[in-house]
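Q:
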Amino acid sequence: MLDLQPDRSIVRNLLQHGLDVYITDWGYPTKSDMYLTLDDYINGYMNNCVDFIRKATKKDAITLMGICQGGTFSAIYASLYPEKVQNLVTMVAPFDFSSNEGLLFSWSKHINADTLVDTYRVIPGELLNAGFLMLMPFTLNIRKYVDMLKVLGDKDKLLNFLRMEKWIFDSPGQAGECLRQFIKDCYQENKLVKGQLKVGDKLVNLKNITMPLLNIYASADHLVPPSSTRPLNDLVGSTDKVLYEFKGGHIGVFVGSKSQKELAPAISKWLHERAAGKTVKESLRAERSMSKAKDARRNQTTPETKPSIRTKSTNKRKTT
195 MLDLQPDRSI VRNLLQHGLD VYITDWGYPT KSDMYLTLDD YINGYMNNCV
245 DFIRKATKKD AITLMGICQG GTFSAIYASL YPEKVQNLVT MVAPFDFSSN
295 EGLLFSWSKH INADTLVDTY RVIPGELLNA GFLMLMPFTL NIRKYVDMLK
345 VLGDKDKLLN FLRMEKWIFD SPGQAGECLR QFIKDCYQEN KLVKGQLKVG
395 DKLVNLKNIT MPLLNIYASA DHLVPPSSTR PLNDLVGSTD KVLYEFKGGH
445 IGVFVGSKSQ KELAPAISKW LHERAAGKTV KESLRAERSM SKAKDARRNQ
495 TTPETKPSIR TKSTNKRKTT
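Add 194 to the 1-based position in the sequence shown for the working numbering, that's all there is to it.
1) Output the residue ranges of the alpha helix (DSSP H) runs that lie fully inside the segment 285-335 and measure 4 residues or longer, sorted by chain position.
2) When the Cα of K392 is compared with those of H416, W464, L274 and A469, which residue comes out closest?
3) Which runs of the beta strand (DSSP E) spanning at least 3 residues fall entirely within the segment 333-413, listed in chain order?
4) Is it the case that the Cβ atoms of N384 and F291 are separated by a distance below 8 angstroms?
5) For S507, which of helix, strand or coil comes out of DSSP?
6) Within 10 angstroms of the Cβ of A336, are there 16 or more other Cβ atoms? Answer buried if so, exposed if not.
7) With distance defined between alpha-carbon atoms, name the residue in E359, S203, T257 and Y438 nearest to M158.
8) What span of residues does the alpha helix (DSSP H) with D197 cover, start to end?
9) Would you mind sorting S203 into buried or exposed? The rule is 16 or more other CB atoms within 10 Å of its CB.
10) Whose C-beta lies closer than 7 angstroms to the C-beta of L327 among residues of the same chain, with five residues either side of it excluded?
11) Could you tell me the boundaries of the beta strand (DSSP E) in which T257 lies?
12) Please classify L417 as buried or exposed, where buried requires at least 16 other C-beta atoms within 10 Å of its C-beta.
13) Among S302, V279 and I305, which has the Cα closest to the Cα of N241?
14) Near Q382, what residues of its chain come up, given a Cβ to Cβ distance below 6 angstroms and the 5 sequence neighbours on each side ignored?
15) Report buried or exposed for F363, applying the criterion of at least 16 other Cβ atoms within 10 angstroms of its Cβ.
Right, here's the structure in full:
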């Protein structure tokens, strides 16, 4: 989803802005993965991936970016291993599960996770995808195919539509035990924000997140409502934290044309500022100082300077 095609690729944009990008591919869990837990994914797989990148880049800490459920995992990881995370970027990720906005949050609070997991062991991607499509049944099951008829004569738009369809229906399953804990501990008991979530033998405390945080939410997100994403900024221990609103939906954050022009450059700028040792306040302070200096130079005059000469001199400075 982050690299759908050349002109719809967050990854490509980040690379073009001078950032190295490593992607974790979780693969397709099989029956042998049915017992994998949050502990296995976060303290095991994620920790191994981070250590590999730290070794490859010869850095003590790296920037961690997670999207949707991966954003929740990334925040949990950053709270458990803050010494390994230099910056944290989360995109359209759920944190406060007390929200009652949207069908997904309502359904998840009442689903019998034990029956679901004990029946399937590995929850099929087709089942999960069917549930996601029913969140907006008319729009996602009927209207988009009617709209497709309008682009049949446009090869580029048609290919973009078909790539989106391939991504939507190429849905990996989820390891049963991991999903059981995620549903019960997060959606139903909201343990993450209460400071009660345990991953393995470790208690998750979001206050341990003291590194710079960029938390991105979509204003029209039908999967992860803003009311679930925004609270993270009030729960972490970081003093350098930014809450970024993207005007769009859950999918548009990744593949929308607006996202390519706005979001990727914003993420890159934020990261480059931190790499240069600047905080948001420092950046704003520098901008104000530069503005005041320009105003002071513009207002400087001497008794001998005539208005016409002053104007000409000012123009020269601008040209220079």
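The beta carbon of each residue, even a glycine, is placed where N, CA and C say it ideally should be.
A: If we stick to the structure as given:
1) Counting whole runs of 4 or more residues, the segment 285-335 contains the alpha helix (DSSP H) stretches 297-304, 307-314 and 319-327.
2) K392 has its Cα closest to that of L274, out of H416, W464, L274 and A469.
3) List check, beta strand (DSSP E) in window: 407-412.
4) Between N384 and F291, the CB-CB gap stays under 8 angstroms.
5) Reliability of the predicted coordinates at S507 is poor, the pLDDT of 38 falling under 50, and no value is obtained from them.
6) Rather than Ala, the amino acid found at residue 336 in this sequence is Ile. Classification of I336: exposed, given that the 10 Å Cβ count is below 16.
7) No statement about residue 158 is possible, as the shown extent of the chain runs from 195 to 514 and does not include it.
8) Looking at the DSSP string, D197 is not in any alpha helix (DSSP H); the run it does join, the beta strand (DSSP E), is D197 to Q199.
9) S203 comes out buried.
10) Close CB contacts of L327 within its chain, under the 7 angstroms cut and outside five residues either way in sequence, are with L334 and N335 (chain order).
11) Per DSSP, T257 belongs to the beta strand (DSSP E) from I256 to I261.
12) Its Cβ being crowded by 16 or more others within 10 Å, L417 is buried.
13) Measuring C-alpha to C-alpha distances from N241 to each of S302, V279 and I305 identifies V279 as the nearest.
14) Correct list, in chain order: K303.
15) By the neighbour-count rule (16 or more Cβ atoms within 10 Å), F363 is not buried but exposed.
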